[in-house]
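Below: one structure, written as C-alpha cells.
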Amino acid sequence: MADEPQWLEGATGSGKTAWLLDQLAAASVTHSDLGPPLELGQSFLMFAANGDNRLRLAARLADVAPEVAVVTTTPNGFIQDEVTLFWPLLVNSLGLLPQFPLRLRPENEQELTTGLWQEKLLDGTMTVEGWRDAQTVRRTLDFLQMGAAAGIPAEDLPVLLPEGIPSGYAPETVWRAIGEAVVGWRDWCLARSLLTYGVMTELYWRHLLPHPLYQEKLLARYGGVFVDDLDEYPGITAQWLQVFIDRARPVALTWNRYGKGRLGMGANPDSLEQQLKPQCQVIERPDPAADSLGYRWGDQVVQWVMDPMTLPAPLACFQTLQTVSRGELLRQTAERVVEVVRTGQAAPHEVAIIGPGLDAIARYTLAEILTNRGLPVASLNDQRPVIHSPLVRALLTLLSFVYPGLGRLADAETVAEMLLVLSQIPQAPEVGPWFESVQIDPVRAELLVDHCFEPSLEQPELLPVERFDRWDRLGYKATEAYNRLRQWIEQQRQQRQRRLTLGVVSVLDRAIQTFYWGGSHLPPDQLSALRELMETAQQYWAIEDRLHQIPPTLGTTPAHLLKPAIERFILLLRQGTVTADPYPVESADPSQRVITIATVYQYRLQRLRHRWHFWIDAGSPRWLGGTEDLLFGYPIFLSTYAGRPWRTDDLEELHRDRPERILRDLLGRVTERVVLCHSDLAVSGQEQIGPLLTLVNANLEE
Numbered sequence: 102m103a104d105e106p107q108w109l110e111g112a113t114g115s116g117k118t119a120w121l122l123d124q125l126a127a128a129s130v131t132h133s134d135l136g137p138p139l140e141l142g143q144s145f146l147m148f149a150a151n152g153d154n155r156l157r158l159a160a161r162l163a164d165v166a167p168e169v170a171v172v173t174t175t176p177n178g179f180i181q182d183e184v185t186l187f188w189p190l191l192v193n194s195l196g197l198l199p200q201f202p203l204r205l206r207p208e209n210e211q212e213l214t215t216g217l218w219q220e221k222l223l224d225g226t227m228t229v230e231g232w233r234d235a236q237t238v239r240r241t242l243d244f245l246q247m248g249a250a251a252g253i254p255a256e257d258l259p260v261l262l263p264e265g266i267p268s269g270y271a272p273e274t275v276w277r278a279i280g281e282a283v284v285g286w287r288d289w290c291l292a293r294s295l296l297t298y299g300v301m302t303e304l305y306w307r308h309l310l311p312h313p314l315y316q317e318k319l320l321a322r323y324g325g326v327f328v329d330d331l332d333e334y335p336g337i338t339a340q341w342l343q344v345f346i347d348r349a350r351p352v353a354l355t356w357n358r359y360g361k362g363r364l365g366m367g368a369n370p371d372s373l374e375q376q377l378k379p380q381c382q383v384i385e386r387p388d389p390a391a392d393s394l395g396y397r398w399g400d401q402v403v404q405w406v407m408d409p410m411t412l413p414a415p416l417a418c419f420q421t422l423q424t425v426s427r428g429e430l431l432r433q434t435a436e437r438v439v440e441v442v443r444t445g446q447a448a449p450h451e452v453a454i455i456g457p458g459l460d461a462i463a464r465y466t467l468a469e470i471l472t473n474r475g476l477p478v479a480s481l482n483d484q485r486p487v488i489h490s491p492l493v494r495a496l497l498t499l500l501s502f503v504y505p506g507l508g509r510l511a512d513a514e515t516v517a518e519m520l521l522v523l524s525q526i527p528q529a530p531e532v533g534p535w536f537e538s539v540q541i542d543p544v545r546a547e548l549l550v551d552h553c554f555e556p557s558l559e560q561p562e563l564l565p566v567e568r569f570d571r572w573d574r575l576g577y578k579a580t581e582a583y584n585r586l587r588q589w590i591e592q593q594r595q596q597r598q599r600r601l602t603l604g605v606v607s608v609l610d611r612a613i614q615t616f617y618w619g620g621s622h623l624p625p626d627q628l629s630a631l632r633e634l635m636e637t638a639q640q641y642w643a644i645e646d647r648l649h650q651i652p653p654t655l656g657t658t659p660a661h662l663l664k665p666a667i668e669r670f671i672l673l674l675r676q677g678t679v680t681a682d683p684y685p686v687e688s689a690d691p692s693q694r695v696i697t698i699a700t701v702y703q704y705r706l707q708r709l710r711h712r713w714h715f716w717i718d719a720g721s722p723r724w725l726g727g728t729e730d731l732l733f734g735y736p737i738f739l740s741t742y743a744g745r746p747w748r749t750d751d752l753e754e755l756h757r758d759r760p761e762r763i764l765r766d767l768l769g770r771v772t773e774r775v776v777l778c779h780s781d782l783a784v785s786g787q788e789q790i791g792p793l794l795t796l797v798n799a800n801l802e803e
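Start counting the sequence shown at 102; every next residue gets the next number (the working numbering).
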C-alpha cells in the first residue's frame, strides 16, 4: 500500500469493499523504513456505515485476512466507545462528576426533555405553528445531533437557527429559545453524566480528539484506518481520519459515487470530499458490476427517466404489473412473487420487494400473504411499538396489581386481556400458534372481570372466584389459572413489603418465567418484544437511580419526575415510543433464504443485491425523491450553507442528482429482472404521476 492515503471512487458493485480488504491485507505485510505496520498490541481500525454492514464486513475479514488484528466499528459506535473508554480524561478536563456515564436511549431522552421544557412548550416560547410538542422536542434534539455531527458547537445554535431557518416557520425568538434549550439540555446531561448521541459526538470532536494524550493513545492502539462507504458518514469523520493521515499511517477510503443515501440525515458527504479527497491518491472504477442491469442498461434507463422528451423502449429485463387500486396491487404483487418462486424462476433469497415508503399496511399485507404461502420473509427495520404485543400489555397491567398507586392504569378491558394472555399454555413454535390452549377464554375473562375485579385508584384487586355466584360455570382449568394468578400477585406484594424484591425489572422477569415459560416457546416477534421490554426497563431504572443520586443544586428536575417511576414507565410504553423488530431472528443478509421487504432508503443503506426486484408504487411521485423524510433544518448544517435562510432553489440544487443516484444504485443491485408494480390510484385515491411512469408504460404487457 502506498504511503499516500488511497481513495477509491466507484459505482455500485464495482468491487470497492473487496479492494478495501485487499488494501488492509497489503498493509498488514508491508514494511517500511519506519518499521512494521503494526506494533505489539496494535490493530487496524475498519469502519462500516452501519451495524449490519459492519457484521458482513467482519465476516468477510475472517475469510480474507483471518490473521490480521482488526477492530470493526461504525462512526456512532466508535464515538460511543471512545467517549466511554476515555471518560476519566473528560472528567478531568471538563470538571465533571467522577461517575460512570450512562447512555440515554431515544425514549429516555424524549421523556426527560419533554419534562424539562414543559413550561416553555406551554407558554409558547418554543412553539412552532403546526408542530405538536413531541415534534418540537424531537426536532430540537435533532439540531443537537446534526450540529455535533457537523462540528458545530451547541453554543452556536441560538445564532445559527434564527439565521438559517426561513422566517415563515416561526419568529427568530422561537429559534433562539430552541437553540438555548439545546445548550441547557447538553449541560444538564453532562452534570449527571448522562450521554446521548448528540452529547457524545460533541464531546468527542470538541474535547477528546484534540487532547494530546488521547491522540497519543489513539495512534498507539491503531496502526491504520480503513473506511467503507465514506459518502454516508458525518462531517467530523474527517477530523479523526486526519490524525492518521498526518502521521503517515495507512489510510484507505471507498466512495460510492451513487451513494449519499444519508444526505440530510446527519451525513455530510460534500464536506468530507472537499477535505479528504485532495490529500489522497484517487482511483476510479466507473462501471457497476458486470452482471447487473445497471452495467448494460443504466445509461439508457437514466436518460429515459430524466429526460421527459425521450420515448423509452420496452426492455426484456423490465416488466410492469398494473392494477387500479393499491390494495389490489399489494395482493397481486405478493401473488406474483409466489409464482416466481414456485416456478423456479428465482429462489426466495433472490427476491426483494422495494418501495419509496412502505407503510405498516403494505408490509403486513405482503408479509401475511407470502408467509401463508409458505415463503419466509425478512422485513428490513420493521420496528413496531412493543405495546402492540399482548404479552407486553398483560405484563404492564399485572404491575398495577403488584405496586400501589397504579389503579388508574388498569381498566376492565386491560384486565380481561391480562387474564386471557397469562392463562395461555405455550408450545413449540414450529407446531403452530405459540399457545397450546387458553385456560381463560374471552368469555370467562369477561365474567371474571364483571364479578371479581375490584377497581381502585390505589390498589385494584382480583377477588376470590367465589364472589361470582355461578363460578362453577368457569370450569376447573380456568379456576385454577385464575387462582394461580391471584396467588402469584399476593406473593409479589408480600416480597415487596419485606423488601425481598429487587425492583420492577425483577418482577417482570419473574412474571416472564412463570407465565411465559421464560420465553423459550415464543415466536420471534413476541420474544423480541419481551427482550426490548426488559432492556428498556433495565435502562429506565438505571437512569432513575442516577437522577436520584444527583444533588438538586445541579439544576432543574423535570416536573413529570414527581410521578411514580412505574407509572411513567407504563405511560411511556403505552405512547408507543419503544419499538422492537418483529422479525429479529431473520436476517436481511441475501445468504439467508428469505424474501426481503424494504424501503428504497433501507435497501440502499444495507448494500443488498438480488436477482429480482419488485418496485412497489412505481408510479408514485416519491420514487427517486423522498426528501420529505429528511431531518428538518439539515441544510444549515451542511458545508454548502450560505449563511442565510434556505430557499427552494437551494434544496433543489442539493438534491439535483439524487434521482440519478437512486436509479443507478438500485440498477447496480439487481441482476436479472425488475417488475414495476403500479396502481393507477394511490391510497388517497389520487392518480399517481411519478418519474417512473414513462418506464411503467413502456413495459406494459400487450
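Just so it is clear, CB atoms sit at the ideal spot from N, CA and C, and this is done for glycine as well.
Residue span of the beta strand (DSSP E) that contains residue i, given as start and end
{"i": "THR772", "result": "771 to 780"}
{"i": "SER480", "result": "478 to 480"}
{"i": "GLU140", "result": "Premise fails: GLU140 is in no beta strand (DSSP E) and is neither H nor E."}
{"i": "LEU325", "result": "Correcting the residue type first, residue 325 is Gly in the shown sequence and not Leu. Residues 323 to 328."}
{"i": "HIS714", "result": "711 to 716"}
{"i": "VAL172", "result": "171 to 174"}
Span separating the alpha-carbon of residue i from that of residue j
{"i": "LEU203", "j": "PRO263", "result": "32 Å"}
{"i": "THR498", "j": "LEU198", "result": "38 Å"}
{"i": "ARG600", "j": "GLN614", "result": "20 Å"}
{"i": "ILE541", "j": "LEU631", "result": "22 Å"}
{"i": "ARG594", "j": "PHE554", "result": "17 Å"}
{"i": "GLY734", "j": "LEU222", "result": "19 Å"}
{"i": "ARG560", "j": "ASP512", "result": "First, the residue type needs correcting, since residue 560 is Gln and not Arg in the sequence shown. Taking the straight line joining both Cα atoms gives about 12 Å."}
{"i": "PRO518", "j": "ILE462", "result": "The question names Pro, but residue 518 is Glu in the sequence shown. Between GLU518 and ILE462, the C-alpha separation is close to 24 Å."}
{"i": "ASN473", "j": "GLY604", "result": "42 Å"}
{"i": "GLN380", "j": "PHE148", "result": "19 Å"}
{"i": "PRO486", "j": "PRO106", "result": "45 Å"}
{"i": "VAL478", "j": "ILE667", "result": "36 Å"}
{"i": "ALA160", "j": "TYR323", "result": "20 Å"}
{"i": "GLU633", "j": "ARG206", "result": "12 Å"}
{"i": "ALA163", "j": "THR173", "result": "11 Å"}
{"i": "GLY114", "j": "ARG770", "result": "7 Å"}
{"i": "GLU429", "j": "ILE698", "result": "18 Å"}
{"i": "GLN640", "j": "LEU673", "result": "13 Å"}
{"i": "GLY285", "j": "VAL679", "result": "25 Å"}
Cβ-based neighbour list, residue i, same chain, cut-off 6 Å, excluding 5 preceding and 5 following
{"i": "LEU768", "result": "LEU394, GLY395, GLY399"}
{"i": "LEU794", "result": "GLY720"}
{"i": "ALA448", "result": "none"}
{"i": "VAL169", "result": "SER129"}
Proximity test, Cβ basis, 9 Å: residue i and chain B
{"i": "TRP188", "result": "You won't find chain B in this structure, because it holds only one protein chain."}
Same chain only: Cβ atoms within 8 Å of residue i, ignoring 5 sequence neighbours per side
{"i": "ALA783", "result": "ARG427, ASP718, SER721, GLN789"}
{"i": "GLN420", "result": "ARG774, VAL775, VAL776, LEU777, ASN800, GLU802"}
{"i": "PRO746", "result": "GLU264, GLY265, ILE266, PRO267, SER268"}
Own chain, CB closer than 7 Å to residue i, minus 5 neighbours either side, in chain order
{"i": "GLU761", "result": "VAL403, MET407"}
{"i": "PRO792", "result": "VAL406, TRP724, LEU725, PRO760"}
{"i": "TRP218", "result": "MET227, VAL238, ALA282"}
{"i": "ALA582", "result": "SER524, GLN540, ILE541"}
{"i": "TYR66", "result": "Summary: the structure shown does not reach residue 66, with the chain confined to residues 102 through 803, and so no result is reported for it."}
{"i": "TYR305", "result": "ILE180, GLU183, VAL184"}
For residue i, the first and last residue of its enclosing alpha helix (DSSP H)
{"i": "MET147", "result": "Taken as a continuous stretch (DSSP letters only), MET147 belongs to no alpha helix (DSSP H), being part of the beta strand (DSSP E) at 144 to 148."}
{"i": "ARG427", "result": "427 to 443"}
{"i": "ARG386", "result": "ARG386 -> not in any alpha helix (DSSP H); beta strand (DSSP E) instead, spanning 382 to 386."}
With 16 other Cβ atoms within 10 Å as the buried cut-off, status of residue i
{"i": "GLY744", "result": "exposed"}
{"i": "GLU53", "result": "Lying before the first or after the last residue shown, residue 53 is absent from the chain, which here runs from 102 to 803."}
{"i": "ASN93", "result": "In the structure as shown, the chain begins at 102 and stops at 803. Residue 93 is therefore absent and cannot be evaluated."}
{"i": "ASP766", "result": "buried"}
{"i": "GLN246", "result": "buried"}
{"i": "LEU156", "result": "exposed"}
> Three or more beta-carbon pairs under 8 Å between the region 273 to 283 and the region 234 to 249, yes or no?
Replying inline: yes
>> Is it the case that the region 246 to 255 contacts the region 732 to 750, given that we only count it when at least three CB pairs across the two stretches are under 8 Å?
In response: yes
> If you pair each beta-carbon of the region 541 to 552 with each one of the region 501 to 511, do three or more pairs fall below 8 Å?
Replying inline: Put simply, the region 541 to 552 does not touch the region 501 to 511. Fewer than three CB pairs are less than 8 Å apart.
> Touch check for the region 137 to 147 and the region 374 to 392: three-plus C-beta pairs under 8 Å?
Replying inline: no
> For the 8 Å Cβ check, are there 3 or more pairs between the region 622 to 629 and the region 182 to 189?
Replying inline: As far as the Cβ criterion goes, the region 622 to 629 does not touch the region 182 to 189, which means the pair count is below three.
>> Does the region 360 to 370 come into contact with the region 701 to 712, if we say contact requires no fewer than three beta-carbon pairs (one atom in each stretch) closer than 8 Å?
In response: In short, these stretches touch, since the Cβ pair count reaches three.
> Does the region 325 to 342 come close enough to the region 282 to 294 to have 3 or more Cβ pairs within less than 8 Å?
Replying inline: no
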